[in-house]
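Numbering (the working numbering), first residue to last: 7 to 289. For every residue, glycine included, the Cβ atom is placed at its ideal position computed from N, Cα and C. Note that the structure is a prediction, hence the values are computed from the model and not measured. The block underneath contains the structure these notes are about, expressed in structure tokens.
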Ligand code: PLP
């Protein structure tokens with residue numbers, strides 16, 4: 007039987023991120039992807055315009071049926087959208103425990119909100135923190151880490167998520183600027199310049215952190231976070247250890263980014279921003 011992942015993710019109709027990205031990444035990792043859709047976003051290849059949450063009762067019924075029929079090895083969550091969806095997913099995982107990769111999606115890379123903007127932001131963070139004790143791995147980027155931990159210091163932030171119960175924390179520093187990366191010698195000119203190497207770190211309780219450096223490529227990508235977390239979930243389901251799954255996923259993601267393609271119609275000189283990682287590229 008093929009290892010299976012149950013994903014909870016939003017639909018990006020442009021196919022760059024969300025549940026489409028999850029399925030492609032899990033298949034690339036050698037596993038089967040079952041998906042419960044949490045929200046329908048309105049977005050194109052460049053921007054999120056809004057979203058409508060899926061009825062959480064419907065999502066719960068779908069998940070219950072899948073869990074009682076398929077042999078689910080690992081859960082993965084991405085965009086959950088609303089407080090109620092977060093709490094239902096937490097409940098479901100508590101009742102049917104499995105290894106769980108939690109990508110704490112709050113905002114799209116393009117800036118659009120992917121959580122309920124009407125909800126109290128503190129409540130949203132509290133709800134996400136309720137997922138942490140259930141998570142084998144949580145994969146925040148720097149803005150998500152700061153919001154989830156309340157700390158702008160990466161090490162302190164990672165420790166705080168481990169103390170809140172996460173089994174491991176993978177910090178993605180794609181948003182890091184030169185100024186943040188250097189604690190000394192800051193200058194005005196490099197305040198917003200991005201680092202040329204991206205240092206990602208896996209923290210596991212009681213173990214030395216594992217740093218991996220990846221080259222920053224000269225483009226923006228749509229769905230890279232979803233892809234990385236889903237590929238790790240896929241490799242975990244295949245029985246690989248977390249440290250190896252993480253290393254394999256970083257190598258795989260680099261190859262998908264190097265092969266990334268433009269999915270949108272070119273409409274002007276400045277319309278060549280977000281590319282889609284080629285998750286079907288040979289690795
Ligand atoms: N999930 C959905 C449905 C999305 O639309 C997006 C971004 O647009 C994301 C997750 C996060 O995407 P990324 O992997 O680029 O952070």
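| said: With three or more beta-carbon pairs closer than 8 Å as the criterion, would you say the region 10-20 touches the region 230-241? | reply: yes
| task | Decide yes or no for the touch test of the region 110-123 against the region 27-36: beta carbon pairs closer than 8 Å, at least 3 of them. | result | no
| request: Compute the minimum distance between the beta carbon of residue 47 and the heavy atoms of the ligand PLP, and state whether it is under 6 Å. | output: If you number the chain shown from 1, residue 47 lands on position 41. Flag set: Cβ of residue 47 near the ligand PLP.
| message | Is it buried or exposed, residue 190, if we count other Cβ atoms within 10 angstroms and call 16 or more buried? | response | Here residue 190 corresponds to residue number 184 of the chain shown, with the count starting at 1. Low confidence applies to residue 190: its pLDDT is 43, below 50, so where it sits in the model is not reliable, and the reading given next is rough at best. Burial call: exposed.
| query | Under a Cβ-count criterion, where at least 16 other Cβ atoms within 10 Å of its own Cβ denotes burial, should residue 182 be classed as buried or exposed? | reply | As a working mapping, residue 182 is identified with position 176 in the chain shown. Buried.
| query | Should residue 7 go down as buried or exposed, given a rule of 16 or more other Cβ atoms within 10 Å for buried? | reply | By one-based count along the chain shown, residue 7 stands at place 1. With fewer than 16 Cβ atoms within 10 Å of its Cβ, residue 7 is classed as exposed.
| Ranges of the beta strand (DSSP E) found wholly within the region 104-136, counting only runs of at least 3 | 106-108
| request: With a threshold of 16 other CB atoms inside 10 Å of the CB of residue 62, please say whether the residue is buried or exposed. | output: The residue you call residue 62 lines up with position 56 of the chain shown. By the neighbour-count rule (16 or more Cβ atoms within 10 Å), residue 62 is buried.
| request: Tell me the start and end of each unbroken beta strand (DSSP E) in the region 55-86 that is at least 3 residues and wholly inside, in chain order. | output: 78-83
| message | Just verifying my parser: in three-state terms, what is the DSSP assignment at residue 101? | response | In the chain shown, counting from the first residue as 1, residue 101 sits at position 95. Of the three classes helix, strand and coil, the one that applies to residue 101 here is helix, per DSSP.
| residue 43 in three-state terms, based on DSSP | As a first step, residue 43 is located in the chain shown; it is residue number 37 there, counting from the start. Residue 43: strand per DSSP, three-state reduction.
| message | In whole angstroms, give me the CA-to-CA distance for residue 109 and residue 203. | response | On the chain shown, residue 109 is found 103 positions in, with the first residue counted as 1. On the chain shown, residue 203 is found 197 positions in, with the first residue counted as 1. The straight-line gap from Cα to Cα measures roughly 22 Å.
| Pairwise C-alpha distance: residue 252 and residue 37 | Position 31 of the chain shown holds residue 37. Position 246 of the chain shown holds residue 252. Those two C-alpha atoms are separated by around 16 Å.
| query | residue 131 to residue 150, Cα distance in whole Å? | reply | The residue you call residue 131 lines up with position 125 of the chain shown. The residue you call residue 150 lines up with position 144 of the chain shown. Rounded to whole angstroms, residue 131 to residue 150 spans 10 Å at the Cα level.
| said: Rounded to the nearest angstrom, what separates residue 242 and residue 23 at their Cα positions? | reply: The count along the chain shown starts at 1 and reaches residue 242 at position 236. The count along the chain shown starts at 1 and reaches residue 23 at position 17. Cα to Cα, residue 242 sits roughly 21 Å from residue 23.
| said: Relative to the C-alpha of residue 21, which candidate in 52, 97, 11 and 10 has its C-alpha closest? | reply: Within the chain shown, numbered from 1, the residue matching residue 21 stands at position 15. Answer by Cα proximity: 52.
| query | At a cut-off of 6 Å, is residue 231 close to the ligand PLP when judged by its beta-carbon and the heavy atoms of the ligand? | reply | Locating residue 231 in the chain shown gives position 225, counting from the first residue. Checking every heavy atom of the ligand PLP against the Cβ of residue 231, one is found closer than 6 Å.
| said: Can you determine whether any heavy atom of the ligand PLP sits closer than 6 Å to the C-beta of residue 24, and answer yes or no? | reply: Start at 1 with the first residue of the chain shown, and residue 24 comes out as number 18. Yes.
| query | What's the gap between the Cα of residue 194 and the Cα of residue 200? | reply | Residue mapping note: residue 194 aligns to position 188 of the chain shown, counting from 1. Residue mapping note: residue 200 aligns to position 194 of the chain shown, counting from 1. Here the model assigns residue 194 a pLDDT of 48, short of 50, so the residue's position is not dependable and the matter cannot be decided.
| message | To the nearest angstrom, how far is the alpha carbon of residue 238 from that of residue 260? | response | To locate residue 238, count along the chain shown from 1; it is residue 232. To locate residue 260, count along the chain shown from 1; it is residue 254. Roughly 14 Å separates the two Cα atoms.
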